[in-house]
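Protein chains in written order, with our numbering: chain A, 11 to 460; chain B, 11 to 460; chain C, 11 to 460.
No residue lacks a Cβ here, since even glycine has one placed at the ideal position from N, Cα and C.
Let me begin by presenting the structure, written as structure tokens, before commenting on it.
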Amino acid sequence: MKIKSLLPLGLAAAAVLLPAMGYAQDVDDTPPMEEVGFILTSFMFLVTGFLVFWMAAGFAMLEAGLVRSKNVTMQLTKNIALFSLAAIMYWLVGYNLMYPLGAWSIGADETGGYLGAFAIAIMEPVGLSGAEPDLTYASVGSDFFFQLMFCATTASIVSGTLAERIKLWPFLIFIIILTGFIYPIQASWKWGGGFLDSQFGFLDFAGSTVVHSVGGWAALAGAIVLGPRIGKFAKDGSIHPMPGSNLTLATLGTFILWLGWFGFNGGSQLYMDTASNVADISRIFANTNMAAACGAVAALILTQIMYGKVDLTMVLNGALAGLVSITAEPLTPSLFMALIIGGIGGVIVVFTVPLLDKLKIDDVVGAIPVHLFAGIWGTIAVVLTNSDATLGGQLISIAIVGVFVFVVSLILWTILKGIMGLRPTEEEEMTGLDVAELGMEAYPDFTKAS
Amino acid sequence: MKIKSLLPLGLAAAAVLLPAMGYAQDVDDTPPMEEVGFILTSFMFLVTGFLVFWMAAGFAMLEAGLVRSKNVTMQLTKNIALFSLAAIMYWLVGYNLMYPLGAWSIGADETGGYLGAFAIAIMEPVGLSGAEPDLTYASVGSDFFFQLMFCATTASIVSGTLAERIKLWPFLIFIIILTGFIYPIQASWKWGGGFLDSQFGFLDFAGSTVVHSVGGWAALAGAIVLGPRIGKFAKDGSIHPMPGSNLTLATLGTFILWLGWFGFNGGSQLYMDTASNVADISRIFANTNMAAACGAVAALILTQIMYGKVDLTMVLNGALAGLVSITAEPLTPSLFMALIIGGIGGVIVVFTVPLLDKLKIDDVVGAIPVHLFAGIWGTIAVVLTNSDATLGGQLISIAIVGVFVFVVSLILWTILKGIMGLRPTEEEEMTGLDVAELGMEAYPDFTKAS
Amino acid sequence: MKIKSLLPLGLAAAAVLLPAMGYAQDVDDTPPMEEVGFILTSFMFLVTGFLVFWMAAGFAMLEAGLVRSKNVTMQLTKNIALFSLAAIMYWLVGYNLMYPLGAWSIGADETGGYLGAFAIAIMEPVGLSGAEPDLTYASVGSDFFFQLMFCATTASIVSGTLAERIKLWPFLIFIIILTGFIYPIQASWKWGGGFLDSQFGFLDFAGSTVVHSVGGWAALAGAIVLGPRIGKFAKDGSIHPMPGSNLTLATLGTFILWLGWFGFNGGSQLYMDTASNVADISRIFANTNMAAACGAVAALILTQIMYGKVDLTMVLNGALAGLVSITAEPLTPSLFMALIIGGIGGVIVVFTVPLLDKLKIDDVVGAIPVHLFAGIWGTIAVVLTNSDATLGGQLISIAIVGVFVFVVSLILWTILKGIMGLRPTEEEEMTGLDVAELGMEAYPDFTKAS
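Here it is as structure tokens:
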């Protein structure tokens, strides 16, 4: 912290007596006009970036609230660990793999690259000394900070689906590969200017596909390899509900995610240097909010009609599905179209959560309907409001990303299963991972209902 | 997300080898000076707006923490549903009802309007293409985003008072009318330039009356029509305390609201395009914090003196009452006056919570003392520091808004009671709304104390 | 709230019919260039300041989660009360004691002062009318708001260590002295331009020593005077673990602190008026995140190796220790050095938490390892990346601050113990402070495990 040049008014009289304090900067030290856009965009990245960081807490609360109390400590551990590992991996390899900026390892800018560059992330020097920053964009540090949060978000999606039955370390090893390689490689295909962007005209503004469906595909592959929790699906075909242990925290998590999503979608405008850009970011904030609201309302009304009573967890997931749905294109829709797009996201969740159960795929928190199914819907819906998108380009890109992530994940999960095993013993799972694997209960003072 | 023009330094060597990458924007693309104020104010709205959004989570946590565990799922459902419905209603009709900008349905700008315009909210086109934005203010999207959060806040206030004994759907129907019509119509009288503003010189900077007392009046009307919870007031005149089930969450909710209030009051400056405006916003942040702090300390000391022990829920409500009190005028007070105004808010809560009990009005979370009584105090207190305010103008405006909102709410609650009934059966209420109406417990894993 | 000059597009047609609405500001009212830096820096302080405010909630959740359920209401009460008292004391005396700006009571700028000025904090007048603000810095209100949050953070650190066994009022009286005098006086020695800054060249960017170790020293003194909780250390030398009652909230608290720390370190750059400054703030955000991540990962791996299972509370404290470690110099390290500095912070926590137990010092939440030990490490580590720092200057400053705060705190705790007693009776402590001292349980609905 530098020493301030400020004169508190309460001390102004005293200060007048001291002619030369030596603190004041040169009064002419106003920012050159060409720097203002750089400052504004960089600061916008820092603000929207910390909002996306906050989503890590949202996922942690949502998942801790939706698992049974005997697996809460484990779920919390996974969530803080996965974020931390993502932060390290994205620095170590992910950032430059995702944004090779011409230095493709396979492919080139002209043809649309396939595999980015291998190098650690490096920021500008302190005080920009000796650097000649590109004043038309933003500081490298702010961009890195913002982008790594997207990588971490992708990882957060996986942990919920696989909760309550996967051991800590194989899960974390998967996360290391996901955040260091799987996510950045496929993200480079679109956001790094790779082949999906240049050859297929794929449009995905903030990542319905690049982030959310990727988390969803990785989770789906894991759920298949891992199998359902013991007792979830009985032999007679009946489904045993396993209600979450703390709906207040699940609701808090949803509100946190909703808040963070303003940064997620808004920051993806990437520029806040003109009136036009800030007006677009404003549209995005308003549309994002509308889609979430209508996703929630759709689930509210549908569960009342279908089941005769409102289902809070569906309403929460409806809001999240609305958010995922608008993420591929939060800018071009009108508020009315945002309402439609988000509302359909909510409908998708209500209908596909039971579908997964029928397929005997055990998704503890509903992350696959929310992030994968609504993510696909949102990516397709781009064509409704953005004439630059083509249905073919969107569909083939969804398919290419999906096949890549699903197949690689399936292989990786299978390898991890073979080498170290994914699941705790049956007894450990029944006891709960908190006591069995970590030896620490989340709520030790309270008596558990049998 | 556009493709970035950035050159990560770690790849600079590689990049030098690629002469024409084609990503860079024109280097002369600096924001025109006249756009800078527009960008700054718009971004300020987005930041302060997301803070006010966050208050929705604060109310949800506060209320979930202050109700008994058997009604927590319901309280969470109401909170996320009311925010979502508010977001839709404010778009559908509220925004233009509140800011008719000349297009009054009844009245006109010269005389001060009475009823605004009926039209959905529409933002500027993408990229401002074809639009000629008013560069002296902010983007429509950012303004809409900010303003809708105030509408939602008003609705959040109502849910706490009526907790534990009102059915979901009549409550939500009331919210639809409140956010679509009652709130925006009375808000137009002041903030839309209507008759309270032009004829009475009413001053209410951020809504001690326009937001908080409105929520309070609607809640009071509801509490009267609805009656108290079963067992709250015994026939012998004794009052049965029904302690909140989770004070950690209630405290978290209070901190969230305190944080969000910086946006609530700060953003209400409406401009951040000059040194003067940002200095004013800074004053508002500091005053808002001081009022909350002193409200809390006042309740801390008073409950120690009066009851021989500190009452945490009073301290929390004291902080909130301090915040409500400073909301009508967070700019003109000195820090010392902010301390006084907020402190009196805290005192009001300590004395009026028992008063409501004596009147057999059952306010589950203390929202009426906090939002209505402290809101009235704060609105009157404007005259202490702002010479533009008159006691008469403040009082008559408080009365007009109060009569309008209270009477309309009373009628509406009565109609809803007649048509669909407001209360669950006695048995359902005793069981708790979570199991009886929603079939879903908030904390199913834990054994309840009888 | 002023009346907006905005024309919603949906009403544009109507508006055209109204020739003179009188709302519009002069279109030439663009911010003068020299004001832009002032606006940007002030707004940066408000944003980073509200993030640091949010840390108060983080400490409250962390501590409420780590104490036993019978002391939760008390811990929450202490946390909201200490923040409120800090806000008042910092206004009343702390701000000008810390930033005397020439008006030293003892010492002077030339020699480096020792004791600052006594006066309440005063902001610029509304609308800067009559003021001639220093446009090269920021508004006084924004600076005051930002700085008081640091004072409050120092106080928050103390409450965790002393939890579960100190009475409310002696604790709060200590906080009043700490925030009004101890913190600001020693902070003036560095950040107010006092003798540590001018004579020893002490470098402490955002307060590893000035904030965190100060809280740690005050807590250590308190823990020694107060003694351990009943039953913590058995006579046979065994240590009785007393697990936290709610690890979800402890994790939430950690995420909140992590988020708030971006403001804590980032805002300490003190200027955002140039490309260079915003690039530096960006570096700080990225480094802060990296240090936290690596602190968490270090504790994750170490506890697995040392104990055969991961310890979530250690991982949380590891992240926090990483944050404390980077706080003395978040700017000059590369991301790699931030990883090293933060990682060592995590290692320190894992090894020193058991050390305190051996010394029979009862630190309920681990605040001494996190804030004091990692704070010392971080302050020393400045020499690794900042050539302006000297090992001697850092060590002597750590020692001077440590001796001052520890000795004064020790005296103060001893006086409070003599005058009013610090501890509740043995029976009250066994019952829990919630029922014994406050008469209010945090979780009354739930059955406690014996």
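- Ranked by Cα distance from residue 119(A), the first of 200(A), 177(A), 365(A), 138(A) is 200(A).
- Checking the DSSP bridge columns, you'll see residue 125(B) partnered with 116(B).
- Membership of residue 109(C) in any alpha helix (DSSP H) is not indicated, and neither H nor E is assigned to it by DSSP.
- Residue burial annotation: residue 121(A) is exposed, with fewer than 16 other C-beta atoms found within 10 angstroms of its C-beta.
- Below 8 Å, enough C-beta pairs join the region 242-260 of chain A and the region 79-93 of chain B to call them touching: three or more.
- Across the region 88-101 of chain C, CB contacts with chain B closer than 9 Å involve 89, 90, 91, 93, 94, 95, 96, 97, 98, 101, in sequence order along the chain.
- The C-beta of residue 127(B) has 16 or more other C-beta atoms within 10 Å across all chains shown, which makes the residue buried.
- A direct Cα-Cα distance of roughly 30 Å separates residue 263(A) from residue 433(B).
- Burial state of residue 291(B) is buried, judged by a 10 Å Cβ sphere holding 16 or more other Cβ atoms.
- Straight-line spacing of the CA atoms in residue 58(B) and residue 297(B) works out to 16 Å.
- Annotated as distal: residue 302(B) and residue 280(B), with beta-carbon spacing of 7 Å or more.
- Interface annotation, residue 194(A): not in contact with chain B, CB-CB separation never under 7 Å.
- Residue range 193-200 is occupied by the alpha helix (DSSP H) that includes residue 193(B).
- Contact between the region 124-141 of chain B and the region 362-375 of chain A is absent, with fewer than three C-beta pairs closer than 8 Å.
- Exclusion of the five residues before and after residue 323(C) leaves 76, 254, 257, 260, 376 as the residues of its chain whose Cβ lies within less than 8 Å of its Cβ.
- By alpha-carbon distance to residue 210(A), the top candidate from 240(A), 436(A), 407(A), 413(A) is 407(A).
- Annotated as proximal: residue 459(B) and residue 457(C), with beta-carbon spacing under 7 Å.
- Taking a Cβ-Cβ cut-off of 9 Å, the neighbours of residue 458(B) in chain C comprise 455, 456, 457, given in sequence order.
- Excluding five sequence positions before and after residue 396(C), the CB atoms of its chain that fall closer than 7 Å to its own CB belong to 213, 339, 342, given in chain order.
- Per DSSP, reduced to three states, the secondary structure at residue 243(A) is strand.
- Residues of the region 316-339 of chain A whose Cβ lies closer than 8 Å to any Cβ of chain B, in chain order: 319, 320, 321, 322, 323, 325, 326, 329.
- Annotation: Cβ neighbours of residue 44(B) in chain C (cutoff 7 Å, chain order): 40.
- Boundaries of the alpha helix (DSSP H) harbouring residue 87(C): 82-99, taken from the DSSP string.
- Chain C has no Cβ within less than 7 Å of the Cβ of residue 407(B).
- Residue 456(A) carries a strand assignment under DSSP once its states are collapsed to helix, strand and coil.
- Looking at the backbone, the Cα of residue 130(B) and that of residue 168(A) are separated by about 39 Å.
- DSSP lists 243(C) as the bridge partner or partners of residue 249(C).
- Taking 7 Å as the CB threshold, residue 307(C) lines the interface with chain A.
- Shown here, residue 146(A) sits in coil according to DSSP, grouped into three states, outside any helix or strand.
- A direct Cα-Cα distance of roughly 5 Å separates residue 218(C) from residue 337(C).
- One finds 455 in chain B with Cβ atoms closer than 7 Å to the Cβ of residue 78(A), taken in chain order.
- Within chain A, 97, 101 have C-beta atoms less than 7 Å from the C-beta of residue 300(C), given in sequence order.
- If the five residues before and after residue 381(C) are omitted, its C-beta is found closer than 6 Å to the C-beta atoms of 167, 222, 225, 226, 334, all from its own chain and listed in chain order.
- In the three-state scheme derived from DSSP, where H, G and I count as helix and E and B as strand, residue 281(B) is classed as coil.
- In the DSSP assignment, residue 48(C) falls within the alpha helix (DSSP H) that extends over 43-76.
- Taking C-alpha positions only, residue 356(A) is separated from residue 208(B) by approximately 44 Å.
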